[in-house]
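The next block holds one structure in the form of structure tokens; read it before the comments.
Residue numbers (my numbering): 287 to 547.
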């Protein structure tokens, strides 16, 4: 199915360099999920890949009548170092955005040299594995590295009165709500008190702290981390109020890094 897409990529983008890598991501989607999946890919996956130095092009395969639920994304990379810089240590595996698991049945990833010799064993994951990965990503708190980066953007607490709740646990609670789309009152124990998280988020939005937090996080994240975290900021235009009713907020849009010339 993707032969024509690969041929197009070879004819238009692949010069005579022995290190060129072609990555073929193929998802078997659930019936009726193609439009939603393509929207997710074009809004998030493709822009992040194209902004990565070493990514020469990306292309979404055409829909075939014989296999309407198969979705193919081809990306061409200048070398393995560029590919690894984006996809991480386990570059041969699929990078799944939050929200994708509910749209697919399974996914595979293949890598080829410019002469179409296979470079790695075929990676395959069914929806249950993808869903487990997605749940883990959505619930993961900030790493020590990201917390140390974002901490200077948070103003100090009050010097008088009752001690302020811990900023790190409160921020993790806010991020949990944004990434999972739940109500504040449904925040699990260990992420800070729901009312505290709601009040702190509201205050940080008003005084500009939230925007500083977002840009500090964006600057420190690897491309693969941006994929996992971006939806918390890009798609969370409707944030629940304390009572659980959604309200529209201004969410900072990510400024993708400039591509190296």
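Don't be surprised by glycine CBs; every beta carbon is placed ideally from N, CA and C.
Computed from a predicted structure; not experimentally measured.
For residue 360 and residue 308, which I take to be in contact (beta-carbon distance under 8 Å), what is that distance rounded to the nearest angstrom? 7 Å
Measure the C-alpha to C-alpha separation of residue 348 and residue 470 and round it to an integer number of angstroms. Taking the Cα positions, residue 348 is about 41 Å away from residue 470.
Output the distance between the C-alpha atoms of residue 367 and residue 488, rounded to the nearest integer angstrom. 42 Å
8 Å contact criterion, which residue 389 and residue 322 should meet: CB distance rounded: 6 Å
Exposure of residue 350, with buried meaning 16 or more beta-carbon neighbours within 10 Å: exposed
Separation of residue 339 from residue 411, as counted between CA atoms: 28 Å
Tell me the DSSP secondary structure of residue 361 in three-state form. strand
For residue 525, does the three-state DSSP call read helix, strand or coil? Interpretation of residue 525 is limited by its pLDDT of 42, a score under 50 that renders its predicted location unreliable; no figure is taken from the coordinates.
Are the CB atoms of residue 371 and residue 380 nearer to each other than 8 Å? no
Based on DSSP bridge pairs, tell me the residues matched to residue 436. Answer by DSSP bridge pairing: none, since residue 436 is not bridged.
Would you mind reading off the limits of the alpha helix (DSSP H) that contains residue 488? 480-493
Does the Cβ-Cβ distance between residue 456 and residue 478 come in under 8 Å? yes
By DSSP, does residue 341 sit in helix, in strand, or in coil? strand
Cutting at 8 Å between CB atoms, please list the residues of its own chain near residue 404, excluding the five before and the five after it. 396, 397, 398
Going along the chain, which residues of its own chain have a beta-carbon closer than 8 Å to the beta-carbon of residue 326, five neighbours each way excluded? 383, 385, 386, 389
Just grab the DSSP bridge partners of residue 315 for me. 390
Taking a contact to mean a Cβ-Cβ separation below 8 Å, would you say residue 495 touches residue 441 in this structure? yes
Do the CB positions of residue 314 and residue 355 come within less than 8 Å of each other? yes
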